[in-house]
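Chain order of the listed sequences is A and B. Quick note: the first sequence uses the working numbering, first residue 16, plus one each step. Quick note: the second sequence uses the working numbering, first residue 310, plus one each step. Just so you know, even glycine gets a beta-carbon here, dropped at the ideal spot from N, CA and C. These figures come from a predicted structure and were not determined experimentally.
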Amino acid sequence: MANVVDVQGVRKVYNRDSLEIVVLDGITLLVPEGEFVALMGPSGSGKTTLLNLIAGIDRPTSGRVTVAGTDVARLSESALARWRSRTVGFIFQFYNLIPVLTALENVQLPLLLAPLSRKERRERALTALRIVGLEDRSAHYPRQLSGGQEQRVAIARAIVADPKVLVADEPTGDLDARSAEEILTLMETLNRDFKKTIVMVTHDPRAAQRAHAQKHLDKGVLTA
Amino acid sequence: MALPIGYNVRNLVVRWKVALLAVGGIGLVVMVFVVLLAMASGFRIALGATGAGENGIVVQRGSGSELTSYFSREQGNLIAVDSRIARGSDGQPLASPEIVIVANLPHRVDGQPTNVTIRGVTSRAFEVRRNIAIAEGRRFTPGLNEVVVGRRIRDRIRGLDLGSSITVQRRAWQVVGVFTADGSAFESEVWGDFDVMGPAFLRGGGQNSLTVRLGDPATLKDFDRDLQANPQMQVEMHQERQYYADQAGPVARSLLILAGFVSIVMGIGAVFGAMNTMYAIVAARTREIGTLRALGFSRRSILLAFLIESAFLALVGGVVGCLLAFPMNGFTTATGQTASFSEIAFAFRVTPPDLLRGLLFALAMGVLGGLLPARRASRLPITVALREA
Numbered sequence: 016m017a018n019v020v021d022v023q024g025v026r027k028v029y030n031r032d033s034l035e036i037v038v039l040d041g042i043t044l045l046v047p048e049g050e051f052v053a054l055m056g057p058s059g060s061g062k063t064t065l066l067n068l069i070a071g072i073d074r075p076t077s078g079r080v081t082v083a084g085t086d087v088a089r090l091s092e093s094a095l096a097r098w099r100s101r102t103v104g105f106i107f108q109f110y111n112l113i114p115v116l117t118a119l120e121n122v123q124l125p126l127l128l129a130p131l132s133r134k135e136r137r138e139r140a141l142t143a144l145r146i147v148g149l150e151d152r153s154a155h156y157p158r159q160l161s162g163g164q165e166q167r168v169a170i171a172r173a174i175v176a177d178p179k180v181l182v183a184d185e186p187t188g189d190l191d192a193r194s195a196e197e198i199l200t201l202m203e204t205l206n207r208d209f210k211k212t213i214v215m216v217t218h219d220p221r222a223a224q225r226a227h228a229q230k231h232l233d234k235g236v237l238t239a
Numbered sequence: 310m311a312l313p314i315g316y317n318v319r320n321l322v323v324r325w326k327v328a329l330l331a332v333g334g335i336g337l338v339v340m341v342f343v344v345l346l347a348m349a350s351g352f353r354i355a356l357g358a359t360g361a362g363e364n365g366i367v368v369q370r371g372s373g374s375e376l377t378s379y380f381s382r383e384q385g386n387l388i389a390v391d392s393r394i395a396r397g398s399d400g401q402p403l404a405s406p407e408i409v410i411v412a413n414l415p416h417r418v419d420g421q422p423t424n425v426t427i428r429g430v431t432s433r434a435f436e437v438r439r440n441i442a443i444a445e446g447r448r449f450t451p452g453l454n455e456v457v458v459g460r461r462i463r464d465r466i467r468g469l470d471l472g473s474s475i476t477v478q479r480r481a482w483q484v485v486g487v488f489t490a491d492g493s494a495f496e497s498e499v500w501g502d503f504d505v506m507g508p509a510f511l512r513g514g515g516q517n518s519l520t521v522r523l524g525d526p527a528t529l530k531d532f533d534r535d536l537q538a539n540p541q542m543q544v545e546m547h548q549e550r551q552y553y554a555d556q557a558g559p560v561a562r563s564l565l566i567l568a569g570f571v572s573i574v575m576g577i578g579a580v581f582g583a584m585n586t587m588y589a590i591v592a593a594r595t596r597e598i599g600t601l602r603a604l605g606f607s608r609r610s611i612l613l614a615f616l617i618e619s620a621f622l623a624l625v626g627g628v629v630g631c632l633l634a635f636p637m638n639g640f641t642t643a644t645g646q647t648a649s650f651s652e653i654a655f656a657f658r659v660t661p662p663d664l665l666r667g668l669l670f671a672l673a674m675g676v677l678g679g680l681l682p683a684r685r686a687s688r689l690p691i692t693v694a695l696r697e698a
């Protein structure tokens with residue numbers, strides 16, 4: 016199977032004042048299509064930075080990041096934005112729903128960037144909400160939902176444009192055990208039934224166990 | 310590609326306290342701006358309505374105002390018999406010789422002296438000018454020390470009430486009537502009999518101006534050329550309406566300059582206010598901006614969204630300002646007219662173009678105040694924005 020994510024010898028260096036901070040130091044990572052990978056490691060190990068590079072919201076200092084056949088660093092800012100809207104679905108720790116938009120409107124957001132009619136957008140968003148089991152909450156605002164429900168709306172938003180890759184940064188980090196369990200089950204379903212490739216950053220060993228593969232980072236280097 | 314407008318509007322509704330401050334600030338600035346424009350408009354309308362397009366006014370060449378113009382009665386009579394001047398029902402030319410002086414009279418409110426234009430006219434004046442109407446009392450009787458007063462000046466000057474009398478040049482003049490003139494500058498004048506006032510004001514044998522009704526207004530240019538070519542006279546003819554409108558020029562212009570200056574100073578303050586508000590809005594939504602960018606919204610659409618939000622905020626402020634300014638419509642005040650040194654009462658006129666200018670001014674403040682914060686919002690690195698609480 017082809018590798019959806021192909022990270023080759025990536026370094027990421029930040030300049031803070033006159034200090035050079037090496038966050039990633041020669042990372043090579045392959046994620047085959049349909050894989051569910053957990054990135055683990057202590058705080059400051061660089062796992063979120065690696066995830067951001069894969070998601071195309073950050074660029075490597077050196078090395079190459081190829082996702083779904085595209086060399087991410089070669090795209091211009093606006094081309095990269097278009098690429099993200101088609102290729103990557105985002106799941107955040109704090110859900111990052113837009114508070115003034117309803118669940119349905121939040122899910123429709125990525126579709127505003129696609130050439131779809133208003134009716135098609137609505138139907139697709141409802142389908143995504145049905146997949147996460149929240150079709151009956153489509154008119155609710157985020158503040159009217161529980162944390163677990165908010166995250167499910169966020170997952171509906173992540174899958175609505177049918178992206179190749181889902182990136183999740185601590186998707187259960189802000190949830191109680193039961194809600195976390197539901198979210199992880201939902202992610203497994205997306206991986207198994209909808210063939211989504213998932214890269215998930217997590218601290219939580221129980222979450223990591225649900226993934227097929229676990230990669231450990233420490234001080235910017237993959238250890239296993 | 311753009312974010313829906315509803316997104317911006319709902320965001321402002323949610324942050325209504327912050328939004329209200331900016332709306333209030335911009336609203337007040339727009340109010341002052343529109344009121345000042347209304348003042349200039351009112352002044353221009355008052356003087357623009359003074360005089361008719363079909364009338365010509367003959368004054369001394371190069372005199373600049375009626376007050377500094379003077380020519381003899383004989384010259385006036387010679388001009389009046391010209392065939393280009395229309396005739397009244399009695400077959401006599403519609404020509405009104407007039408003398409103009411300025412008298413010092415006390416303000417009704419505080420008794421402070423102010424200049425008032427006194428005009429000596431014949432009964433022809435009421436025919437030559439169609440918009441003069443006696444509202445109370447009657448016309449003055451020729452040969453008597455009687456006057457009629459414009460309604461606007463009656464309201465502003467002491468002793469101009471019907472039945473009372475004023476002293477001008479050591480003579481008492483009885484107020485026998487109040488007249489209106491479509492809100493024009495004539496309503497800021499006191500009119501008496503030409504033949505009584507001439508000798509009383511030491512203007513006997515001459516006149517300041519001659520206003521004539523032309524049979525065909527198109528002949529005015531020729532008429533003026535003939536008058537200027539006549540070596541025995543030092544006079545020229547203007548269209549009456551244009552003549553009085555030109556007198557309004559300097560004051561209306563200085564009011565407009567004042568409006569511009571005050572509005573720009575206040576506008577700068579309001580722009581900073583709007584900018585502050587927008588920065589606060591951007592700061593509070595940093596993570597949201599990061600999320601939208603991650604989802605694939607371009608920098609341009611984020612910039613546009615925040616500019617629209619700021620412009621919308623300012624437009625609401627503009628509408629508030631216009632509504633606050635509107636009650637000033639019709640409010641009467643007075644100013645010195647530079648050409649005649651006398652007081653001209655006029656009503657504020659909040660005209661549709663003034664309101665439109667107010668809204669455009671608000672829009673400009675909004676766009677200007679939103680530009681930097683919107684730029685900041687669109688340029689944040691996504692990874693930095695997403696880390697914000």
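Near residue i, which residues of its chain fall below 8 Å by C-beta distance, leaving aside the five closest residues on each side in sequence?
i       : result
A154(A) : T117, A118 and L119
Y316(B) : A614
Mind checking if residue i is an interface residue toward chain A, Cβ cutoff 9 Å exclusive?
i       : result
L564(B) : no
T600(B) : yes
S607(B) : yes
G322(B) : Gly is not the amino acid found at residue 322(B); the sequence shown has Val there. True, the Cβ-Cβ gap to chain A drops below 9 Å.
L312(B) : yes
A603(B) : yes
R685(B) : no
I617(B) : no
T660(B) : no
L695(B) : yes
Y316(B) : yes
Would you say residue i faces chain B, with C-beta separation under 9 Å as the test?
i       : result
R89(A)  : no
E92(A)  : yes
E138(A) : no
S100(A) : yes
A3(A)   : Residue 3(A) is absent from the model: chain A starts at 16 and stops at 239.
I113(A) : yes
N30(A)  : no
T43(A)  : no
L116(A) : yes
D189(A) : no
E9(A)   : Past the edges of chain A, shown from 16 to 239, lies residue 9(A), and the structure says nothing about it.
Once DSSP output is grouped into helix, strand and coil, what is the label at residue i?
i       : result
S572(B) : helix
G104(A) : strand
A404(B) : strand
P682(B) : helix
L523(B) : strand
N364(B) : strand
Q23(A)  : strand
I410(B) : strand
G334(B) : helix
Hey, out of the options, whose CA is closest to residue i's CA?
i       : options                               : result
M215(A) : Q224(A), A88(A) and F209(A)           : Q224(A)
A671(B) : P313(B), V456(B), V339(B) and S378(B) : V339(B)
F495(B) : L536(B), G524(B), T426(B) and L612(B) : T426(B)
R522(B) : R438(B), I577(B), V485(B) and A579(B) : R438(B)
T217(A) : Q229(A), F209(A), G84(A) and R193(A)  : Q229(A)
M546(B) : L529(B), A554(B) and P540(B)          : L529(B)
G582(B) : L312(B), R319(B), N320(B) and L337(B) : L337(B)
A171(A) : E138(A), N30(A) and G84(A)            : E138(A)
A490(B) : G360(B), A623(B) and D391(B)          : G360(B)
T641(B) : F657(B), R319(B), G459(B) and C631(B) : F657(B)
Could you name the residues of the same chain whose beta carbon sits closer than 6 Å to that of residue i, not counting the 5 residues immediately before and after it, in chain order?
i       : result
G385(B) : P406, Q516 and L519
A434(B) : S405
N440(B) : A490 and D491
Enumerate in chain order the residues of its own chain whose CB-to-CB distance from residue i is below 7 Å, with the five nearest sequence positions on each side excluded.
i       : result
L681(B) : M584
L112(A) : N121, P157, E165, V168 and A169
So if I threshold CB-CB distances at 9 Å, which residues from the segment 623–641 of chain B count as touching chain A?
Answer set for the segment 623–641 of chain B: empty.
Beta carbons nearer than 7 Å to chain A: which residues of the segment 402–423 of chain B have them?
Listed in sequence order: no entries.
Check distances from the C-beta atoms of the segment 122–133 of chain A to those of chain B and list, in chain order, the residues that come in under 8 Å.
Closer than 8 Å at the C-beta level to chain B, one finds these residues of the segment 122–133 of chain A: L124, P125, L127 and L128.
Where the segment 567–601 of chain B meets chain A: residues whose CB sits under 7 Å from a CB there
Per Cβ criterion, the list reads R596, E597 and T600.
Could you run through the segment 444–471 of chain B and flag, in chain order, every residue whose CB is less than 8 Å away from some CB of chain A?
The segment 444–471 of chain B vs chain A, Cβ under 8 Å: nothing.
Select from the segment 159–189 of chain A all residues with a C-beta closer than 7 Å to any C-beta belonging to chain B, and list them in chain order.
So nothing in the stretch comes that close.
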